[in-house]
Amino acid sequence: MIDTERMTELSVEFLDAAYLEIVERARRLAEQYFEQAQRLLGEEGKTHVPILIWVQQISPNAWGFYWVRVHYVREDGKGNAVARKIPKGPRHKYPPGAFSFVKGTLLLLVRNYEARLAELRQLAAENRALRKTTLAWTGRYQKVQVMDDLIYNGVS
Numbered sequence: 067m068i069d070t071e072r073m074t075e076l077s078v079e080f081l082d083a084a085y086l087e088i089v090e091r092a093r094r095l096a097e098q099y100f101e102q103a104q105r106l107l108g109e110e111g112k113t114h115v116p117i118l119i120w121v122q123q124i125s126p127n128a129w130g131f132y133w134v135r136v137h138y139v140r141e142d143g144k145g146n147a148v149a150r151k152i153p154k155g156p157r158h159k160y161p162p163g164a165f166s167f168v169k170g171t172l173l174l175l176v177r178n179y180e181a182r183l184a185e186l187r188q189l190a191a192e193n194r195a196l197r198k199t200t201l202a203w204t205g206r207y208q209k210v211q212v213m214d215d216l217i218y219n220g221v222s
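Residues in the sequence shown are numbered consecutively from 67, following our numbering.
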């Protein structure tokens, strides 16, 4: 007989490890983007990067990879950075107009990174769906095994 608990445990461990690797790739992309954006804007004599990638844990088993618009608000003579999440479109991509406030070569950089992030978002969503399906299927399979055992042993 198949040891469904052990097989499920191995599958879930694999999926969780792969998911954390996807999250780490998103973090590295966020860092790379910020460094490139700073360098690019520095060449133009600017110091403010108006759009950033935000990697955020949204639940114990889920992370989100978002774009945020950064504003500076002056209060009491100090400038405080305020980040606002840019609304994402359906599925895993941002709509073309989401980055309308970004101009010039920075827009090209943002679009390049968004294409890469969209791939990671899709992989992450598929991973979490597969994990959920695996756990649900195992539960149903174990129920069937219990019912079969009851019937086989003559208990009704």
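The beta carbon of each residue, even a glycine, is placed where N, CA and C say it ideally should be. Small disclaimer: the values here were computed from a predicted structure and weren't measured.
Val78 versus Gln211: straight-line alpha-carbon distance, rounded | Position 12 of the sequence shown, counted from the start, is the residue given in the question as residue 78. Position 145 of the sequence shown, counted from the start, is the residue given in the question as residue 211. If I take the Cα positions, the gap works out to 21 Å.
Helix, strand or coil: how does DSSP classify Phe167 here?
-> Here residue 167 is taken as the residue at index 101 of the sequence shown, counted from 1. In this structure, DSSP gives Phe167 a state outside helix and strand, which the three-state scheme calls coil.
May I ask you to report which of helix, strand or coil DSSP gives Arg187?
-> Counted from its first residue, the sequence shown places residue 187 at position 121. Arg187 falls in the helix class under three-state DSSP.
Whose C-beta lies closer than 6 Å to the C-beta of Tyr85 among residues of the same chain, with five residues either side of it excluded?
-> Taking the first residue of the sequence shown as position 1, residue 85 is located at position 19. Within the same chain, Tyr85 has close Cβ partners Asn193.
Measuring CA to CA, which of Leu196, Arg187, Gly108, Asp69 is closest to Gly155?
-> Counted from its first residue, the sequence shown places residue 155 at position 89. Comparing Cα-Cα distances from Gly155 to each of Leu196, Arg187, Gly108, Asp69, the minimum goes to Arg187.
Please name the residue, chosen from Ala191, Ala190, Ala147, that lies closest to Tyr138 on a Cα-to-Cα basis.
-> The residue given as residue 138 occupies position 72 in the sequence shown. Closest option to Tyr138, judged by alpha-carbon separation, among Ala191, Ala190, Ala147: Ala147.
Tell me, please, which residues DSSP counts as bridged to Lys151.
-> The residue given as residue 151 occupies position 85 in the sequence shown. DSSP, once it has assigned bridges, lists Val134 as partnering Lys151.
Decide if the segment 96-105 is in contact with the segment 169-189; the criterion is three or more beta carbon pairs, one per stretch, under 8 Å apart.
-> Yes, the segment 96-105 touches the segment 169-189.
CA-to-CA distance, Trp133 to Ala195, given in whole angstroms | Here residue 195 corresponds to residue number 129 of the sequence shown, with the count starting at 1. Here residue 133 corresponds to residue number 67 of the sequence shown, with the count starting at 1. Taking the straight line joining both Cα atoms gives about 23 Å.
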